[in-house]
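Numbering (the working numbering), first residue to last: 3 to 682.
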């Protein structure tokens, strides 16, 4: 690059030719200088000449422009226009920067123009990119400075996101703000949100800057991890640096959970640990809930972050479902052990989130820490399918992001706890085997205890998960294997008892006992464990038994309705044909509005339950929309003698009522059977 200064003496030029780090100064004629520059870079002649002609020396200006025009492809008018642009710049400060291969003199427009300390200068098509302590600037070929970013940017590391087609993602600071694992497109968008709108040229400059920095030989590259929580060891924000990993998030929900997880670990000294353990022990002693139910809630909650381990080992980790009356303490215990214990999710989630498949899957893919849904009245069948699927395997949340061409896939790893006042309708037998159900009835009602409330509020502000993390921070899946081997040896009899009932029940027992034993070892607290297997067995059949009970009661109502209708029609006919007609009270007016059809025995001694009866049952049973075949399968799963019920579709003619279509044949003895495994 050459800087030409025209002196008052016509045609004599003072030259500083900066090349290969050597500054050559001297005087030469304008013709010689132009020819020298022209030979070096003829195509860019107009871009590399900076003229400083005294304003009063019009003759010198005209002569110089004419000379340049004669020896180049540029016209006089074009050169005059360029000269006018150059004269608008006030060169009052010169910054000299030594590069590896050349030196560059940068002329600042103003003495007060502060770009800070230059950390690096990067060659660019339109001049130079200056990476400084004040931000990112462009120095163009006309010698003008342009502000691109007015805060410094520091790219910490990059990683390749396999879920986005192996694309580079950057983690960087912009001023005090930290941005994590953003693609280049996302990075530019994030920077625009923190500064003025970036021009197209500015975007090109930043693209060049990111590419330049990340292509350096010793630039840090981290391994991408997609599961926050337990995945054969703890992957948490606190473990990223020493593991040289980065936890990838794809949505705002996942990033929120990541940010929450940054603060779930706290260092306690020994006196503080003892005090917290003492308070927790007292809290458990004061809890009025059945100690067995309390222990199961604890066991499930402590085991839940290890869900991936149990899915890999047992192909099962159950949904935990607390159901029953208000004022039984079930919601507070769920809040304490699922929400406040981990502090990853700040509260329970409502029915609107539970029944929004997209949001539900997003939260399930955010971590392996449990999620608590409370106060819902209905769960849609497609949501039950999502939950059911997650209990026996790991499927992906698949979502198309607004600013990406590809769909992202992220495993749904969080376990779910639900609570409600009434049982979920629509639970089939397959779902029954994938959940642990605990019923809270009138006997579980609790009284207000201010001491318990005080301990609840004190402990929910502590980082109780820190105790679990400290105990297991060096564990891997093989360490859980050893821990569970000890449990299976100690509780071999109970395990075999559960195995006789159902293999999934046995697996549920082991996973809950894992949580209980880990809690006991970590906090030095002994929980009630006797007869836990019996409570799990009762919970397994509660939903189906509750449906069976409701169906039997409805059938009895239909039978009584049919009897009363027959008697009423007989009495009415008798009254109307009497010598002196009289009025007859209509007993059917006393039946609920949903009951319009009776049940009577046919010639084969069976009741025929049709879709007309089903409509009334659905209205009586929390307005759920059961299908005839669906309720038949649920009822059949609930009884030992499968021959008591028979399903008939349109292709079968065992039903002797013409035109009845689909129906369930019910043996008379079905109405009177006792529910197996009746709850105490």
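Backbone N, C-alpha and C define an ideal beta-carbon position, used for all residues, glycine too.
Query                                                                                                                                                                              : Result
Could you pull out every residue in the same chain whose Cβ sits closer than 6 Å to the Cβ of residue 256, ignoring the five residues on either side in sequence?                  : 368
Taking the alpha carbon of residue 584 as the reference point, which residue from 576, 139, 590 has its own alpha carbon closest?                                                  : 576
On the three-state DSSP scale, how would you describe residue 589?                                                                                                                 : helix
Cα separation between residue 68 and residue 83?                                                                                                                                   : 13 Å
Tell me the DSSP secondary structure of residue 330 in three-state form.                                                                                                           : coil
What is the rounded straight-line gap between the Cα of residue 152 and the Cα of residue 192?                                                                                     : 14 Å
Alpha carbon to alpha carbon, how far is residue 487 from residue 505? Give it in angstroms, no decimals.                                                                          : 17 Å
List the residues that DSSP assigns as beta-bridge partners of residue 257.                                                                                                        : Looking at the DSSP assignment, residue 257 forms no beta bridge with any residue, so it has no partner.
With a threshold of 6 Å on Cβ separation, who are the neighbours of residue 409 within its own chain once the five nearest residues in sequence on each side are excluded?         : 400, 402
Does the Cβ-Cβ distance between residue 611 and residue 665 come in under 8 Å?                                                                                                     : yes
Does the separation of the CB atoms of residue 441 and residue 544 fall below 8 Å?                                                                                                 : yes
Just the C-alpha distance for residue 673 and residue 558, rounded to the nearest angstrom, thanks.                                                                                : 7 Å
Does the segment 325-342 touch the segment 446-465, meaning 3 or more C-beta pairs lie closer than 8 Å?                                                                            : yes
Pairs of beta-carbons, one from the segment 336-343 and one from the segment 547-555, closer than 8 Å: are there three or more?                                                    : no
Taking contact to mean at least 3 C-beta pairs separated by less than 8 Å, is the segment 160-172 in contact with the segment 180-188?                                             : yes
Just reading off the beta strand (DSSP E) that residue 422 is part of, what are its end residues?                                                                                  : 418-422
Please report how far the alpha carbon of residue 527 lies from the alpha carbon of residue 438, in whole angstroms.                                                               : 24 Å
Less than 8 Å between the C-beta atoms of residue 148 and residue 142, yes or no?                                                                                                  : yes
What are the partner residues of residue 237, as DSSP defines its beta bridges?                                                                                                    : 231
Please report the Cβ distance between residue 476 and residue 546, rounded to the nearest whole angstrom; I am assuming they are in contact, meaning their Cβ atoms lie under 8 Å. : Not confirmed; about 43 Å, so no contact.
Tell me the DSSP secondary structure of residue 321 in three-state form.                                                                                                           : strand
With a floor of 4 residues, list each alpha helix (DSSP H) that falls wholly inside the segment 481-534, ordered by position along the chain.                                      : 494-503, 505-525
Check whether the segment 258-275 touches the segment 171-178, taking contact to mean three or more Cβ pairs, one atom from each stretch, closer than 8 Å.                         : no
Per DSSP, residue 440 is paired with what?                                                                                                                                         : 324
Looking at residue 670 and residue 764, is the spacing between their C-beta atoms short of 8 Å?                                                                                    : This structure gives no information on residue 764, because the portion of the chain shown stretches from 3 to 682.
Would you call the CB atoms of residue 537 and residue 294 closer than 8 Å?                                                                                                        : yes
Do residue 394 and residue 318 have their C-beta atoms closer together than 8 Å?                                                                                                   : yes
Going by the CB atoms, is the gap between residue 363 and residue 379 shorter than 8 Å?                                                                                            : no
Could I get the ranges of all uninterrupted beta strand (DSSP E) runs contained in the segment 327-377, with 3 residues as the minimum, in chain order?                            : 373-375
Could you tell me if residue 591 is buried or exposed, where buried requires 16 or more neighbouring beta carbons within 10 angstroms of its beta carbon?                          : exposed
Report all residues from its chain with a CB closer than 6 Å to the CB of residue 512; omit the five preceding and five following residues, and keep chain order.                  : none
What are the complete beta strand (DSSP E) segments, minimum 3 residues, inside the segment 564-612?                                                                               : 608-612
What first and last residue would you give for the alpha helix (DSSP H) that runs through residue 1?                                                                               : This structure gives no information on residue 1, because the portion of the chain shown stretches from 3 to 682.
Let me check understanding here. Comparing Cα to Cα, which of 494, 133, 451, 206 lies closest to residue 284?                                                                      : 451
Going by C-alpha distance, which of 648, 633, 651, 641 is nearest residue 675?                                                                                                     : 641
So, at 7 Å on beta carbons, what are the nonlocal neighbours of residue 471 in its own chain, with the 5 sequence-adjacent residues on each side left out?                         : 236, 267
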